[in-house]
Ligand code: UTP
Ligand code: MG
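In my numbering, the protein residues as written are 504 to 1074.
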């Protein structure tokens, strides 16, 4: 950049020399020599400019890539609590559009800002060298330019802020629609959504147009100021030339320097506008980067946290392997929120036990099990796995011991095989099939023409709800976790298949502790112990027979479900 600017600053002086010492004195040799210098200077400037462009683009693209990586790492480190705060939509906009804006700014900064400010000061200095007296023109024109630029910027900065917000709106309407396109179609709301999108899009257009209009008056006014300055210079300078005080070539060079100075100011103003535009984006990026993860990793690994994954390698604490204990746990989603979701929950699940969790919808069942793999932290009390507080077990180690099938089955684009071995990428085909068989998924997977290589996701076969659930179960089973949690994972599976899955689980997970959340009593009736949850509290626990005697709530649920022929048949 320095090379390019120095060459740009040199050109008018070389031209002045051609006019003053060549043309005026009729020295052809001097003209030829200076022309060669001018060409050399132009080539050097070109090389400098190209080099600057190349490295500026490289640096800014690299910066954008680093920034995106940093954001992605940050999002991966987020606990569920932070993920609740940023919706997927804004994170997508922040990772793409906002990073792009800042990346553009870095490039403009490296190329234009440095160039403009160097040209600005360099040209003033060169003009001053030629004629200090004529340079007084700057004393009038520069303040005028500054006032105009200031007025322009103070109008455009808020406008650009609004523009970014409008673009955000367009993006969120779009993302919301893409995510919910099936619901939109099912409710025949396409017309409504079209209007909603059109409105957001038009608002964006209007603000964009306003900003463009403002930019459009920028150029004519700047040109007017520039031409007025030149007229002044010619008037005053012309008289000086006539009197012999100033060479004609020098006057021409002087005018070029003034033009360069004022042009540099114009592009400085544009850069400032770009900065104001990118500021909105960078604020949004920094907000993500500066959000601390509420889930702090323990500083040092505890000595006896149990084995990382397989029961085949028992640790000193193997007698406790798969033990889970809740001690007076309170939990709420909103920090300092009114009513906690879990209230004073205490229980002990011994290794190898199967624990059923039953309760009406919204009672807090999912919230309870989410505390075991530390998807959330309790607000009070503690959760212990294998006798150790989960807060002092490294997250990765903890989660490799606790397999969870979330209530909402989540599958990734890719083959069925990739989805099953997600938690254990090096699993062999035999292991994958064994897990799929236990989850009653093998048969339907085999019935697809491409079997385990069937693509799921956007393209290819879309699976039924029950099929998705069974693949999620297979995924959790494959890793042979010491603690397995099924959160309503067989709700979309018919009763006979569900019973077969339960039998297979018992065979496969001997020694593992199992938590089964269910709506149907039949799903948990044969558990070693059933926890009945109501309104965030454990209101009763015991096995089926005990609860039938001791718990009225349980009897109520039982009787309400008896009416279903299937349920009674299964129990
Ligand atoms: P749960 O999600 O724990 O209930 O929510 P549940 O027992 O598993 O219910 P089902 O059977 O799956 O339907 C317990 C409470 O926590 C609140 C809900 O409003 C509910 O009252 N909650 C849940 C939140 O505030 N935020 C969440 O992200 C989830
Ligand atoms: Mg739930």
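C-beta atoms are modelled at their ideal positions from N, C-alpha and C, and glycine is treated no differently.
{"query": "So, with DSSP's three-state summary, where would you put residue 892?", "result": "strand"}
{"query": "Would you kindly work out how many angstroms separate the C-alpha atoms of residue 1010 and residue 931, rounded to a whole number?", "result": "20 Å"}
{"query": "Around the ligand UTP, what residues have a beta-carbon under 5 Å from a heavy atom of it, in chain order?", "result": "836, 844, 864, 865, 866, 867, 868, 869, 870"}
{"query": "With respect to 7 Å, is the separation between the Cβ of residue 910 and the closest non-hydrogen atom of the ligand MG below this value?", "result": "yes"}
{"query": "Which partner residues does residue 847 have in the DSSP bridge list?", "result": "According to DSSP, which records beta bridges pairwise, residue 847 is partnered with nothing at all."}
{"query": "Can you name, in chain order, every residue of its own chain whose Cβ lies under 7 Å from the Cβ of residue 881, other than the five neighbours on each side?", "result": "832, 833, 834, 874"}
{"query": "Taking DSSP as the reference, what is the three-state secondary structure of residue 812?", "result": "For residue 812, the predicted model reports a pLDDT of 43, less than 50, meaning its position is unreliable and no value from the coordinates is stated."}
{"query": "Kindly confirm or deny that the region 632-649 and the region 775-785 touch, where touching means at least three C-beta pairs closer than 8 Å.", "result": "no"}
{"query": "Who does residue 885 pair with in a DSSP beta bridge?", "result": "830"}
{"query": "Using three-state DSSP, classify residue 780 as helix, strand or coil.", "result": "helix"}
{"query": "Quick check on residue 519: buried or exposed, where buried means 16 or more other Cβ atoms within 10 Å of its Cβ?", "result": "buried"}
{"query": "Hey, is residue 604's beta-carbon within less than 8 Å of any beta-carbon in chain C?", "result": "Among the chains in the structure shown there is no chain C, since it carries only a single protein chain."}
{"query": "Between 857, 552, 564, which has its C-alpha nearest residue 606's C-alpha?", "result": "564"}
{"query": "Tell me whether residue 587, by its Cβ, gets closer than 7 Å to a heavy atom of the ligand MG.", "result": "no"}
{"query": "One question on the structure: do residue 1078 and residue 547 come within less than 8 Å of each other, judged by their Cβ atoms?", "result": "With the chain running from 504 to 1074 in the structure shown, residue 1078 is simply not present."}
{"query": "Three-state secondary structure (DSSP) at residue 861?", "result": "strand"}
{"query": "Would DSSP call residue 906 helix, strand or coil?", "result": "strand"}
{"query": "Do residue 991 and the ligand MG come close, with the Cβ less than 7 Å from some heavy atom?", "result": "yes"}
{"query": "Per the contact definition of three or more C-beta pairs closer than 8 Å, is the region 762-781 in contact with the region 672-685?", "result": "no"}
{"query": "Can you name, in chain order, every residue of its own chain whose Cβ lies under 8 Å from the Cβ of residue 1053, other than the five neighbours on each side?", "result": "1043, 1045"}
{"query": "Starting from the Cα of residue 738, find the closest Cα among 689, 640, 985, 619 and give me that residue.", "result": "640"}
{"query": "CA-CA distance, residue 903 and residue 982?", "result": "8 Å"}
{"query": "Tell me which residue opens and which closes the alpha helix (DSSP H) that residue 979 is part of.", "result": "968-981"}
{"query": "Does the beta-carbon of residue 1006 have 16 or more other beta-carbons within 10 angstroms, so that it is buried, or is it exposed?", "result": "exposed"}
{"query": "Can you check DSSP and say which residues form a bridge with residue 990?", "result": "1020"}
{"query": "Shortest alpha-carbon distance to residue 853 belongs to which of 1032, 600, 625?", "result": "1032"}
{"query": "Give me the Cα-Cα distance between residue 896 and residue 828, rounded to the nearest whole angstrom.", "result": "14 Å"}
{"query": "Which class does residue 1060 belong to by DSSP, given the choice of helix, strand or coil?", "result": "helix"}
{"query": "Might you give, ordered along the chain, the residues of its own chain that have their beta carbon closer than 8 Å to the beta carbon of residue 750, omitting 5 neighbours on each side?", "result": "519, 522, 523, 527, 744"}
{"query": "Around the C-beta of residue 971, are 16 or more other C-beta atoms found within 10 angstroms, so that it is buried, or is it exposed?", "result": "buried"}
{"query": "Assuming residue 975 contacts residue 912 under a Cβ cut-off of 8 Å, what Cβ separation, rounded to an integer in Å, is found between them?", "result": "4 Å"}
{"query": "Count the other CB atoms, across all protein chains shown, that sit within 10 Å of the CB of residue 1059; report buried if there are 16 or more and exposed otherwise.", "result": "exposed"}
{"query": "Are residue 884 and residue 1016 closer than 8 Å when you measure CB to CB?", "result": "no"}
{"query": "Give a yes or no on whether the C-beta atoms belonging to residue 867 and residue 844 are separated by under 8 Å.", "result": "yes"}
{"query": "Taking the alpha-carbon positions, what's the residue 649 to residue 741 distance?", "result": "27 Å"}
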